[in-house]
Amino acid sequence: MATRGFTGRRTPSDAAARTPPGQALTDDFPVLSAGPTPKIDLASWRFALKVGPRTVKAWDWTAFNTLPMTRLTTDIHCVTTWSKLDTAWEGVAIDDLLADAGLAPPTGFTLAHGYDGYSTNVPAADLAGPKAMIAIRYDGAPLEPDHGGPARLLVPHLYLWKSAKWLNALQFTERDEAGFWELRGYHMYGDPWREQRYHDDP
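Taking the working numbering, the leading residue of the sequence shown gets 121, the next gets one more, and so forth.
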């Protein structure tokens, strides 16, 4: 994993309650990835919603941008021990995506897939309601490629490795399947408040 741009600072007292154990606040937005940033042409961008291997519905960039947009200001927490407060995002809530596809969650588990071959597992319940979105804008501007643009999953109540960058598919699975980092020893759930960093953490 590569990390750039992280400078820690002491947690201010008014933010202590919002900072999980073992984390340090940053004003920067560090760049982390398992590999190089892929080059994605919006003209060929596609996002698919799948049940097992079957594609239920797919959107190109134009169609995706006609879906209802949600704004979310939230704190984010990386497993590499930095946290950033009050980050501003805009994108499509997973509930709105499912509604457009005419689909209710058929299983309790999902795998998020990226254009770079990355994957990560997220329980379907953690994508419901206001908990998650497919983000396409950050801080009022299109999401930069290094931060997962043109579109990334955002599941801010879990460690940020669960918020897969360069998203191209969300797949419902019959069982809880490990993704890229989970296969390499990371926790299957990843709750920052319980410090669920690695597979043997409670």
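Just so you know, even glycine gets a beta-carbon here, dropped at the ideal spot from N, CA and C.
request  = Please state whether DSSP places residue 216 in a helix, a strand or coil.
outcome  = helix
**Asked** So what does residue 239 bridge to, in DSSP terms?
**Response** 233
Please say whether residue 254 and residue 270 have beta carbons closer to each other than 8 angstroms?
no
Buried versus exposed call for residue 159 [16 or more other C-beta atoms within 10 Å across all chains shown]
exposed
**Q.** Alpha-carbon spacing of residue 320 relative to residue 242, whole angstroms
**A.** 18 angstroms
Thinking just about the alpha-carbon of each residue, which of 167, 249 and 187 is nearest to the one in residue 180?
167
*Which residues mark the beginning and the end of the alpha helix (DSSP H) in which residue 183 is found?*
181-184
Next on the checklist: Quick check: what's the CA-CA separation for residue 230 versus residue 296?
Outcome noted: 7 angstroms
Note down, in chain order, each residue of its chain lying with its Cβ closer than 6 angstroms to the Cβ of residue 191, except the 5 sequence neighbours on either side.
210
What does the Cβ neighbour count give for residue 303, buried or exposed, with the cut at 16 atoms within 10 Å? exposed
* To do: Please state if the CB of residue 149 and the CB of residue 267 are separated by a distance shorter than 8 angstroms.
  => yes
Practice prompt. Would you list the residues sitting across from residue 167 in a DSSP beta bridge?
Written response: 179
Item to check | Option nearest residue 202 by Cα separation, candidates 299, 287 and 279 | outcome: 279
For a test of the three-state rule: what should DSSP assign to residue 278, helix, strand or coil? coil
Taking C-alpha atoms, which residue in 206, 288 and 147 lies nearest to residue 240? 288
Check: When burial is assigned at 16 or more other CB atoms within 10 Å of the CB, is residue 272 buried or exposed?
Finding: buried
Open item on the list: For the beta strand (DSSP E) containing residue 289, name the first residue and the last one.
Closed with: 287-293
**Request:** Answer yes or no: does any C-beta atom of chain D fall closer than 8 angstroms to that of residue 173?
**Result:** Considering every chain present, this structure includes no chain D. It has just one protein chain.
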